[in-house]
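Chemist:
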Amino acid sequence: MKADVASPAAPQAVPPPAEAVPKLPQPADPLLPIMPGAAARPPLADALIRAAPVHDFNLARDLGLFARVLRQASGGRRVIAIFIASTVVTIANMYGQVQLNDWNGRFFDAVGRKDLSGFVHDLQTFAVIIVILLALTVANTFLQERLKFRLREWITRHLLAEWLKPLRVYQLGFAGEYGHNPDQRIQEDTRLLGDYTADLGCGIVYSLLQLVAFVGMLWTLSAQVTFQVGGYDIAIPGYMVWCALAYALTGSALTWIVGRPLIALNGERYAREAEFRFALVRVNESGESIALHGGETDERRHLEAGLAAVVDTMRRISTSLAHLTWITSGIGWLSLVVPILVAAPAYFGGNLTLGGLIMVAGAFTQVQLALRWFVDNFSRLADWRAAVHRVARFREALDSLPAIEHGAEEIKRALHPEGHLAFEGVRILLPDGHIIIDDATVSITPGERVLIVGDTGRGKSTLFRAVAGLWPWGSGIILTPAPGAMAFLPQRPYLPLGTLRNALSYPSPPNAFLDADVRQALVRCDLGDLVPKLDKTERWDKELSLGEQERLAFARLLLHKPAWVFLDEATAALDEDSQRRLMALFDDELKQATVLSIGHRPDLAVYHTRTLQLVHGRDGDRLKLKPPPAPPPPRRWLQQLDDWLQTIRP
Numbered sequence: 170m171k172a173d174v175a176s177p178a179a180p181q182a183v184p185p186p187a188e189a190v191p192k193l194p195q196p197a198d199p200l201l202p203i204m205p206g207a208a209a210r211p212p213l214a215d216a217l218i219r220a221a222p223v224h225d226f227n228l229a230r231d232l233g234l235f236a237r238v239l240r241q242a243s244g245g246r247r248v249i250a251i252f253i254a255s256t257v258v259t260i261a262n263m264y265g266q267v268q269l270n271d272w273n274g275r276f277f278d279a280v281g282r283k284d285l286s287g288f289v290h291d292l293q294t295f296a297v298i299i300v301i302l303l304a305l306t307v308a309n310t311f312l313q314e315r316l317k318f319r320l321r322e323w324i325t326r327h328l329l330a331e332w333l334k335p336l337r338v339y340q341l342g343f344a345g346e347y348g349h350n351p352d353q354r355i356q357e358d359t360r361l362l363g364d365y366t367a368d369l370g371c372g373i374v375y376s377l378l379q380l381v382a383f384v385g386m387l388w389t390l391s392a393q394v395t396f397q398v399g400g401y402d403i404a405i406p407g408y409m410v411w412c413a414l415a416y417a418l419t420g421s422a423l424t425w426i427v428g429r430p431l432i433a434l435n436g437e438r439y440a441r442e443a444e445f446r447f448a449l450v451r452v453n454e455s456g457e458s459i460a461l462h463g464g465e466t467d468e469r470r471h472l473e474a475g476l477a478a479v480v481d482t483m484r485r486i487s488t489s490l491a492h493l494t495w496i497t498s499g500i501g502w503l504s505l506v507v508p509i510l511v512a513a514p515a516y517f518g519g520n521l522t523l524g525g526l527i528m529v530a531g532a533f534t535q536v537q538l539a540l541r542w543f544v545d546n547f548s549r550l551a552d553w554r555a556a557v558h559r560v561a562r563f564r565e566a567l568d569s570l571p572a573i574e575h576g577a578e579e580i581k582r583a584l585h586p587e588g589h590l591a592f593e594g595v596r597i598l599l600p601d602g603h604i605i606i607d608d609a610t611v612s613i614t615p616g617e618r619v620l621i622v623g624d625t626g627r628g629k630s631t632l633f634r635a636v637a638g639l640w641p642w643g644s645g646i647i648l649t650p651a652p653g654a655m656a657f658l659p660q661r662p663y664l665p666l667g668t669l670r671n672a673l674s675y676p677s678p679p680n681a682f683l684d685a686d687v688r689q690a691l692v693r694c695d696l697g698d699l700v701p702k703l704d705k706t707e708r709w710d711k712e713l714s715l716g717e718q719e720r721l722a723f724a725r726l727l728l729h730k731p732a733w734v735f736l737d738e739a740t741a742a743l744d745e746d747s748q749r750r751l752m753a754l755f756d757d758e759l760k761q762a763t764v765l766s767i768g769h770r771p772d773l774a775v776y777h778t779r780t781l782q783l784v785h786g787r788d789g790d791r792l793k794l795k796p797p798p799a800p801p802p803p804r805r806w807l808q809q810l811d812d813w814l815q816t817i818r819p
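The opening position of the sequence shown corresponds to residue 170 in our numbering, with each subsequent residue numbered one higher.
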C-alpha cells in the first residue's frame, strides 16, 4: 500500500487462467475511443439512486435498521450486561419505593394519633429507607452513564468499520442525501443516540416496574374508597386505577396531537446544523484563498444564510415546544392535587384515615407517573427518533454501496496474469449516464513511461479512479497489477493527522521504515530542512506549501518503492528544475517502476517514452498513441559555458 491514496483491496476472484483472459492488445493497437454524449442512465446508477433514502420518518423501518446495527456491532455483551445490572438495581429501587409508600401511611397515621413514640420510630425507619434508596439511586446513575458511553462506543465502532471499508469513503459521496456529512452522523448523532437510548430505555423499564409495583397496591387501596349515594355505600373496583389510567391517557393523547411536529423539526434541525458546521469548517480551512480573493463578504453572506436556516428551524421548534409545554406542565401541576381530589370523598366520608389518604395519593401518583411516561418524555422521544432516523439512514446509505460494488453492470476488475495493466472494452460513465470514455482497449507493460494528455474535463483522472477501483460506473474489464504494487499520487497530496514521520510512512505505520531511510528520503526530495521536525505533530497540510507537499509525496514513494506509479498532475506546483529532480528518481532509485502520468505541462513529455492524447475525431474524442518525444537538440557550446558559469558563480 503506497503513496497518497491507499491502494484498493485485492479482488476476491482468483485471476483467470491464461486461456480465459481476454485478448490483450499490443501497444500499437488503436486505443481508448472517447465518445462524449448522453446515454441512457446505466442500471448501476439507477440502483444507486433508488438506494438513496428519502426524507421520511418511518419509525418501524428506522428501528429495524437500528436493531440490525446493534446486532452486527461487536461489544454488545458488555452493553447488555450493564443494562441487566441497571434493571436489577431498578427492581431493588422499586421495592424500596413501595416500602417508602407504606412508611408514609404509618407515619401520617402516627401524626394523626399524636403518637410520639410511633413518630420517632418511623423517623428512624425513614432514615434506613432513605440511605438504601440513595445508594441504589447512585448505583443506577453510575450504570446509566456507563451505558451511555458504551452504547455510543458500540454504535460508533460499527459505523466506522462499515464506513472505512475499501472504497466506501469515496463512493459514499454518490449515495444521496444521507451520504452527506458522515462526520456528524458518526460523531454527533451517535452521541445523541447513545444518550437518548440509555435514558429512555432505562426510563421505560423504571416506569414499567413502577406500574407493576404500585398498580396492585392502588387497586387494593381503592376498595377503601366508597361513595354514599342515597344512603348506600358504593365501591367501584379499582376506582383509583381507572382514574389514573384515564388521566394518563388523556395527557398522552393531547401530547401526541400537539407535539407531533417536533419529530420532523428535530431531524431538520440536525441537518441544518450539519450543513452550517460544514460551511464553517470549509471557510476555516480555506482562509488563505478567501483572503487572497477578498471573499470575506461573500463567505459571510453564505454563512449567514446557513445560520438563518438554523435559526428558522429553531424558531419553529421553540413555537412547537411552547405549545407542548401548555400540556406537559399543565398535567404536571394538576398531578399535585388530582390524587387528593380523587380520594377526597372517601377521606371526608370517614372511610380513610389521614395515613390511608397519603398512601392512596402516593400510589396514585406513582401509577399515573408510570402511565404518563410518554407525556413527560415526548420532547426527548422526538429527539431520539430524529437521531435514530439519521443514523439508520446513514447505515442504509452504507448498505447501498455493496450493490454498487457488485452491481449487474459495472466496470469489472481482476488481476492480470502477467502483471500488466490492460483495458478491454472499457466504457466509463458519469453517474447520470453521460459517456466519458467508450470502448477503451489498451495495454501497458511493466517498465513503460506513459503520459496521458488532453483537454481538462476529458476523463483522464476518472480513468485513474477506475484503475484504483474507486469508479464503478461503466462496463468492461480492467486487468491490473497486484493492488499492493500500485501507488496513486492525486492532484493534491493527502497528509494525515499526526507527526511528519507518520505522513511520510502513510498508510504504513511510522515504525515500518528505518530512521536513516526516512531522513534520506526527505533530503533526496529537497526537504532536508524538515528532518528535525520528523516527530513533531502539526497540521502538515497547513504548514507545508503545495509544492512541499508534492515533494513529500515523492519522498513517500522512495520509502514504499511501488512497482506502478500513477501521477495525476503530481508536479503541477513545482518549478521546472524541481520537477526535473523529482522525475529523475525514476531513472535512479525508482528505475524499476512503471509510470503513468497525467499532465498539461509540455515539458513533461521528455520524461516519458509513450504518450496517449485525447484528440477530436469525426465520431467524437479519441485517445490515440503519439510517438515518443524527439530528444532535445544539442546545446550550443556558448550556452553550455554560460550554464557552467552559473553553477560556480557565488
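The beta carbon of each residue, even a glycine, is placed where N, CA and C say it ideally should be.
For Leu361, I'd like the list of residues in its chain whose CB is within less than 7 Å of its CB, leaving aside the five on either flank, ordered along the chain.
Modeler: Stepping through the sequence shown from its first residue, residue 361 is reached at position 192. Same-chain partners within the cutoff: Asp552 and Ala556.
Chemist: Measure the alpha-carbon distance for Arg541 versus Gly370 and round it to whole angstroms.
Modeler: As a working mapping, residue 541 is identified with position 372 in the sequence shown. As a working mapping, residue 370 is identified with position 201 in the sequence shown. Computed Cα separation, rounded: 15 Å.
Chemist: Assuming contact is defined by CB atoms lying nearer than 7 Å, are Leu598 and Trp642 in contact in what I supplied?
Modeler: Here residue 598 refers to the residue found at position 429 when the sequence shown is read from its first residue. Here residue 642 refers to the residue found at position 473 when the sequence shown is read from its first residue. Yes. Within cutoff.
Chemist: Can you check the segment 684-764 for any alpha helix (DSSP H) of at least 4 residues that lies completely inside it and give the ranges in chain order?
Modeler: Entirely contained in the segment 684-764, the alpha helix (DSSP H) runs reaching 4 residues are, in chain order, 684-693, 709-712, 715-729 and 745-752.
Chemist: If we count Cβ pairs, one from each stretch, closer than 8 Å, do we get three or more for the segment 530-537 versus the segment 408-415?
Modeler: Cβ pair count under 8 Å is three or more, so yes.
Chemist: Under DSSP, the beta strand (DSSP E) around Val595 begins and ends at which residues?
Modeler: As a working mapping, residue 595 is identified with position 426 in the sequence shown. Residues Leu590 to Leu598.
Chemist: If we count the other Cβ atoms within 10 Å of its Cβ and call it buried at 16 or more, is Val687 buried or exposed?
Modeler: Here the question's residue 687 lines up with position 518 in the sequence shown. Val687 is buried by the Cβ-count criterion.
Chemist: Within this structure, are the beta carbons of Leu683 and Ala672 separated by less than 7 Å?
Modeler: Looking up residue 683 in the sequence shown gives position 514. Looking up residue 672 in the sequence shown gives position 503. Contact: no.
Chemist: Using the rule of at least 16 other Cβ atoms within 10 Å of the residue's Cβ for burial, across every protein chain shown, is Asn453 buried or exposed?
Modeler: Walking along the sequence shown from the start, residue 453 turns up at place 284. The residue is exposed, with fewer than 16 neighbouring Cβ atoms inside 10 Å.
Chemist: Would Ile324 pass as a contact of Thr359 if the rule is Cβ separation under 7 Å?
Modeler: Taking the sequence shown and counting its residues from 1, one reaches residue 324 at position 155. Taking the sequence shown and counting its residues from 1, one reaches residue 359 at position 190. Yes, the pair counts as a contact, with Cβ atoms nearer than the cut-off.
Chemist: Check for me: the beta strand (DSSP E) holding Arg618 runs from which residue to which?
Modeler: Taking the first residue of the sequence shown as 1, we reach residue 618 at position 449. Note, Arg618: beta strand (DSSP E), Arg618 to Val622.
Chemist: I need the DSSP call for Ala197, collapsed to helix, strand or coil.
Modeler: Numbered from 1 along the sequence shown, position 28 holds the residue referred to as residue 197. Here the model assigns Ala197 a pLDDT of 37, short of 50, so the residue's position is not dependable, and the following value carries that caveat. Coil, per DSSP.
Chemist: In whole angstroms, what separates the C-alpha of Asp737 from that of Ile426?
Modeler: Working through the sequence shown from its first residue, we reach residue 737 at position 568. Working through the sequence shown from its first residue, we reach residue 426 at position 257. The straight-line gap from Cα to Cα measures roughly 58 Å.
Chemist: Evaluate Asp756 with the Cβ neighbour count: other Cβ atoms within 10 Å of its Cβ, from every protein chain shown; 16 or more gives buried, anything less gives exposed.
Modeler: On the sequence shown, residue 756 is found 587 positions in, with the first residue counted as 1. Counting Cβ neighbours within 10 Å, Asp756 comes out exposed, since fewer than 16 surround it.
Chemist: DSSP state of Asp352, grouped into three classes?
Modeler: Sequence index remark: in the sequence shown, residue 352 carries index 183 (1-based). In this structure, Asp352 counts as helix in the three-state DSSP scheme.
Chemist: Identify, in the order they occur along the chain, each residue of the same chain with its Cβ nearer than 8 Å to the Cβ of Gly645, setting aside the five sequence neighbours on each side.
Modeler: Position 476 of the sequence shown holds residue 645. For Gly645, where only same-chain residues beyond five positions count, the Cβ hits under 8 Å are Ile580, Lys581, Phe592, Glu593, Gly594, Val595, Arg596, Asp608 and Ala609.
Chemist: Are Glu444 and Gly464 closer than 7 Å when you measure CB to CB?
Modeler: Sequence index remark: in the sequence shown, residue 444 carries index 275 (1-based). Sequence index remark: in the sequence shown, residue 464 carries index 295 (1-based). Their beta carbons are not under 7 Å apart, which means Glu444 does not touch Gly464 by this criterion.
Chemist: At what residues does the alpha helix (DSSP H) containing Arg634 begin and finish?
Modeler: Along the sequence shown, read from residue 1 onward, the residue named residue 634 stands at position 465. Note, Arg634: alpha helix (DSSP H), Lys629 to Ala637.
Chemist: Quick check: Ala417 and Val267, are their CB atoms within less than 7 Å of each other?
Modeler: Taking the sequence shown and counting its residues from 1, one reaches residue 417 at position 248. Taking the sequence shown and counting its residues from 1, one reaches residue 267 at position 98. No; because the gap between Cβ atoms is not below 7 Å, this pair is not in contact.
Chemist: According to DSSP, what are the bridge partners of Val611?
Modeler: Along the sequence shown, one-based indexing puts residue 611 at 442. DSSP lists Phe592 as partners of Val611.
Chemist: Select from Gly524, Leu269 and Leu691 the residue whose C-alpha is nearest the C-alpha of Ala279.
Modeler: Position 110 of the sequence shown, counted from the start, is the residue given in the question as residue 279. It is Gly524 whose Cα lies nearest to the Cα of Ala279.
Chemist: Please state whether the Cβ-Cβ distance between Ile432 and Arg554 is less than 7 Å.
Modeler: Along the sequence shown, one-based indexing puts residue 432 at 263. Along the sequence shown, one-based indexing puts residue 554 at 385. Against a cut-off of 7 Å, the Cβ pair of Arg554 and Ile432 comes out as a contact.
Chemist: Whole-angstrom Cβ separation of Leu567 and Ile486, contact assumed at under 8 Å?
Modeler: The residue given as residue 567 occupies position 398 in the sequence shown. The residue given as residue 486 occupies position 317 in the sequence shown. About 29 Å separates the two Cβ atoms, so there is no contact after all.
Chemist: Between the beta-carbon of Thr614 and the beta-carbon of His589, is there less than 7 Å?
Modeler: Taking the sequence shown and counting its residues from 1, the one referred to as residue 614 is at position 445. Taking the sequence shown and counting its residues from 1, the one referred to as residue 589 is at position 420. Taking 7 Å as the Cβ cut-off, Thr614 and His589 qualify as a contacting pair.
Chemist: Helix, strand or coil: which one does DSSP assign to Gly643?
Modeler: Within the sequence shown, numbered from 1, the residue matching residue 643 stands at position 474. Gly643 falls in the strand class under three-state DSSP.
Chemist: If you reduce the DSSP assignment to three classes, tell me which class Ile405 lands in.
Modeler: Here the question's residue 405 lines up with position 236 in the sequence shown. Note: Ile405 maps to coil in three-state DSSP.
Chemist: State the DSSP-derived secondary structure class of Gly667, mapped to helix, strand or coil.
Modeler: For the purposes of this step, residue 667 is taken as residue 498 along the sequence shown, with counting starting at 1. It is a strand residue.
Chemist: Within the same chain, show all residues whose beta-carbon is closer than 8 Å to that of Leu377, passing over the 5 residues directly before and after it, in chain order.
Modeler: For the purposes of this step, residue 377 is identified with residue 208 of the sequence shown, where counting begins at 1. Only Ala539 meet the Cβ criterion.
Chemist: Which partner residues of Leu434 appear in the DSSP bridge assignment?
Modeler: As a position in the sequence shown, residue 434 is number 265, starting the count at 1. For Leu434, which the question treats as bridged, DSSP gives no partner whatsoever.
Chemist: Keeping to the same chain, check which residues put their C-beta closer than 8 Å to that of Leu702; ignore five residues upstream and five downstream.
Modeler: In the sequence shown, counting from the first residue as 1, residue 702 sits at position 533. First, the residue type needs correcting, since residue 702 is Lys and not Leu in the sequence shown. Excluding positions up to five away in sequence, the list reads Leu669.
Chemist: Tell me whether Ser487 sits in a helix, a strand or coil according to DSSP, three-state version.
Modeler: Working through the sequence shown from its first residue, we reach residue 487 at position 318. Here Ser487 sits in helix by DSSP.
Chemist: Rank Ala651, Lys711, Val611 and Thr631 by C-alpha distance to the C-alpha of Tyr339 and give the top, closest one.
Modeler: Locating residue 339 in the sequence shown gives position 170, where the first residue counts as 1. Cα-wise, what sits closest to Tyr339 is Thr631.
Chemist: Reducing DSSP to helix, strand and coil, say where Thr522 ends up.
Modeler: If you number the sequence shown from 1, residue 522 lands on position 353. Three-state DSSP puts Thr522 in coil, outside helix and strand.
Chemist: Helix, strand or coil for Arg770? Go by DSSP, reduced to three states.
Modeler: Here residue 770 is taken as the residue at index 601 of the sequence shown, counted from 1. Three-state DSSP puts Arg770 in coil, outside helix and strand.
Chemist: Buried or exposed for His769, please, with buried defined as at least 16 other CB atoms from any protein chain shown within 10 angstroms of its CB.
Modeler: The count along the sequence shown starts at 1 and reaches residue 769 at position 600. So His769 counts as exposed.
Chemist: Tell me whether Val450 is buried or exposed, calling it buried when 16 or more other Cβ atoms sit within 10 Å of its Cβ.
Modeler: Position 281 of the sequence shown holds residue 450. By the 10 Å Cβ count, Val450 comes out exposed.
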